[in-house]
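**Q** This is the structure I want to talk about, given as structure tokens.
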Amino acid sequence: MDNISYLVGKEEIMTSRERFLKIARFQLPNAIYLSPYTQGVWHKTLERWVAEGAPQEILTDNVARYRYFELDRIGMVRVEASLIALGPKGGAPFIPPVRPRFESRVLEEDERSRVRINEAGVTIREFKDDPERMPLWLDYPVKNRKDWDEYKKRLDPHHPERWLVKDWDSYADRLSKRDYPLGLDVGSFFGLLREVVGAEKLLLLFYDDPQFVEDMMVHMEYFSIQIVERVLKDIQVDFAFFWEDMAWKGGSMISPEMFREFMMPHYKRVTSLLRSQGVDIIMVDSDGDINELIPLWIESGVNGMWPLEVQAGVDAVEIRKKFGKECILWGNIDKKALAQGKEAIKEEIDKKVPFLISEGGYFPGPDHFIPEDVSLENFQFYLEYLRSLDQS
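Going by the working numbering, the sequence shown opens with residue 405, and the numbers climb by one from there.
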């Protein structure tokens, strides 16, 4: 599956990269593109699948995973600019992209859990029986401006440990010959600050010290701009990805007015730079009910949303009807349906996917990481049924 070509009609042959771009640009209707990037899986789920017959290699090797499931390859530039997964091959725990990292230090421990300062300087309680379970956040490293002035030194876009390739020129040359789509993580505004300040403290700062919030946003814009400029000087990427997680099931964590005042100007400068360099597919990853945020992101230059959580009341069909081709959609297949059997899977797919792919601009996937209660058989059926809908 490393060098996939697609026969279109009787003559035109497209690479995986060309197919991805045509779908994202609404130029290839009724097409299915399935990548590991949009089929996120918890490690415990992979362990179950290995027990049910999948090869052991899928636990630790992403390439083995997409080959086994015959998924379409998507690459990401090897630079730490977004949330970093420290667990097995893209799993929890997750930390902000700090370099150098803090030295992890255990403060207390019992049979069930441990309290430690993690690699991002955040004090957490994590649970020994399930390393992928969300920890309890107990304390945060940034409490005031002095803390931020020190902390942002670890958010230096030029720190050598951030760039995970030793021979950059050779790496860039190799990527110039690729036939698969390549993305670039370009940072975060609200999401990353929430991770190091704490959600409650950050939300209060919007009212109590708006200039402090603005100063932090300015640095995150600088971080993103520097990453983008350095990468695009040598590598033409196909899409960019922000990470935010700034909503919950009740809606956005900040008001539209605050988004417009504090975030939109910084988004616009980053997205304008991306578009000036030919990157016109700009996604954002945010869990929760993002409905009131979607028009703000679109106005900010972001034209794609993921993962579109069903349990938070997000409906990709309604979003497409409302925003049309202004918005590329990824995800929104209810992960709970995948555990309920083939009929439930078919029903969930049938009520969304045929409509969403009818004009392009949709990449099917679950609305969050696939949980442990999904069997290998169900996941394979889910993939096969999606592929059966491809009429491109």
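For glycine and all other residues, C-beta sits at the position ideal for the given N, C-alpha and C.
Computed from a predicted structure; not experimentally measured.
When you compare only the Cα positions, how much space is there between Glu788 and Glu730?
**A** Distance between the alpha carbons of Glu788 and Glu730: 29 Å.
**Q** For Gly692, which residues of its own chain have a beta-carbon under 7 Å away from its beta-carbon, when the five flanking residues on both sides are left out?
**A** Within the same chain, Gly692 has close Cβ partners Ala651, Trp652, Lys653, Glu713, Ala716.
**Q** What are the start and end residues of each continuous beta strand (DSSP E) run of 3 or more residues lying completely inside the segment 708 to 788, in chain order?
**A** The qualifying runs are 708 to 710, 732 to 734.
**Q** Who are the near neighbours of Leu790 in its chain, counting only those whose CB is closer than 8 Å to its CB and skipping five residues on each side?
**A** Cβ neighbours of Leu790 beyond the five flanking positions: Ile436, Leu438, Ile753, Val757, Pro768.
**Q** Whole angstroms is fine: what's the gap from Arg452's alpha carbon to Asp577's?
**A** Between Arg452 and Asp577, the C-alpha separation is close to 39 Å.
**Q** Helix, strand or coil, according to DSSP, for Ser628 in the structure here?
**A** Helix at Ser628.
**Q** Is the separation between the beta-carbon of Tyr555 and that of Val622 shorter than 8 Å?
**A** In this structure, Val622 does not lie closer than 8 Å to Tyr555 by Cβ.
**Q** Thinking C-alpha only, which one of Leu760, Ile702, Glu604, Tyr470 is nearest Met667?
**A** Cα-wise, what sits closest to Met667 is Ile702.
**Q** Can you check which of these residues, Gln460, Ser676, Lys532, is closest to Pro497 by C-alpha distance?
**A** Out of Gln460, Ser676, Lys532, Lys532 has the C-alpha closest to the C-alpha of Pro497.
**Q** Mapping the DSSP letters down to three states, classify Gly655 as helix, strand or coil.
**A** Three-state result, Gly655: strand.
**Q** For Glu530, name the three-state secondary structure that DSSP assigns.
**A** Glu530: strand per DSSP, three-state reduction.
**Q** Tell me the rounded alpha-carbon separation between Asn736 and Lys547.
**A** Straight-line Cα distance between these residues: approximately 36 Å.
**Q** Just verifying my parser: in three-state terms, what is the DSSP assignment at Thr464?
**A** Thr464 falls in the coil class under three-state DSSP.
**Q** Quick one: what's got a C-beta closer than 7 Å to Met620's C-beta in the same chain, skipping five residues either side?
**A** If we look at Met620 and ignore the five residues flanking it on each side, its Cβ neighbours are Trp552, Leu597.
**Q** Would you check if the distance between the CB atom of Ile698 and the CB atom of Ile658 is smaller than 8 Å?
**A** Contact: no.
**Q** Using the rule of at least 16 other Cβ atoms within 10 Å of the residue's Cβ for burial, across every protein chain shown, is Ile631 buried or exposed?
**A** Buried, since its Cβ has 16 or more Cβ neighbours within 10 Å.
**Q** Taking Glu474 and Ala468 to be in contact with their CB atoms under 8 Å, please state how far apart those CB atoms are, rounded to whole angstroms.
**A** The Cβ separation is near 12 Å, so there is no contact.
**Q** State yes or no: is the C-beta of Glu549 within less than 8 Å of the C-beta of Phe616?
**A** Inspection of the sequence shows that residue 549 is occupied by Arg rather than by Glu. Yes; because the gap between Cβ atoms is below 8 Å, this pair is in contact.
**Q** Would you mind sorting Lys557 into buried or exposed? The rule is 16 or more other CB atoms within 10 Å of its CB.
**A** With fewer than 16 Cβ atoms within 10 Å of its Cβ, Lys557 is classed as exposed.
**Q** Take Gly655 and list the residues in its own chain whose beta-carbon comes closer than 7 Å to its own, dropping the five residues that flank it on each side.
**A** So the qualifying residues of the chain are Asp693, Glu696.
**Q** From which residue to which residue does the alpha helix (DSSP H) around Arg673 run?
**A** Unbroken alpha helix (DSSP H) run through Arg673: 668 to 680.
**Q** Could you tell me which residues DSSP puts in a beta bridge with Trp647?
**A** Trp647 is bridged to Asp689.
**Q** Please say whether Leu586 and Leu579 have beta carbons closer to each other than 8 Å?
**A** Contact: yes.
**Q** Kindly indicate which residue of Tyr544, Val674, Ser420, Leu677 has the alpha-carbon position closest to the one of Arg582.
**A** Among Tyr544, Val674, Ser420, Leu677, the Cα nearest to that of Arg582 belongs to Ser420.
**Q** Give every residue of the same chain whose Cβ lies closer than 6 Å to the Cβ of Ser796, excluding the five residues on either side of it in the sequence, and list them in chain order.
**A** Around Ser796: Leu432, Asn434, Ala435.
**Q** From this set, Phe785, Leu760, Tyr786, which residue's C-alpha is nearest Phe430's C-alpha?
**A** Selected option, being the one with the closest Cα: Leu760.
**Q** State the start and end residues of the unbroken beta strand (DSSP E) segment that holds Asp543.
**A** Residues 540 to 543.
**Q** Compare the Cα-Cα distances from Gly595 to each of Arg679, Asp642, Arg520, Ala485 and report the closest residue.
**A** Taking only the C-alpha atoms, the option nearest Gly595 is Ala485.
**Q** Does the separation of the CB atoms of Leu588 and Ala644 fall below 8 Å?
**A** Yes.
**Q** Across the segment 774 to 789 and the segment 738 to 748, are there enough close Cβ pairs to call them in contact, namely three or more that are closer than 8 Å?
**A** The segment 774 to 789 is in contact with the segment 738 to 748.
**Q** To test your reading of the DSSP string, which unbroken alpha helix (DSSP H) runs of 4 or more residues are found completely within the segment 536 to 578?
**A** For the segment 536 to 578, whole alpha helix (DSSP H) runs of length 4 or above, ordered along the chain, are 549 to 555.
**Q** Under the assumption that Trp734 contacts Gly708 (Cβ atoms under 8 Å), give the Cβ distance between them as a whole number of angstroms.
**A** Trp734 to Gly708, Cβ: 7 Å. Contact.
**Q** Can you give the Cα-Cα distance for Leu450 and Asn466, rounded to whole angstroms?
**A** For Leu450 and Asn466, the distance between alpha carbons rounds to 11 Å.
**Q** From Asp448 to Phe773, what does the alpha carbon distance come to, in whole angstroms?
**A** Sequence inspection shows Lys at residue 448; the Asp mentioned does not correspond to that position. Looking at the two C-alpha atoms, the distance is approximately 11 Å.
**Q** Report the three-state DSSP secondary structure of Ile499 (helix, strand or coil).
**A** Here Ile499 sits in strand by DSSP.
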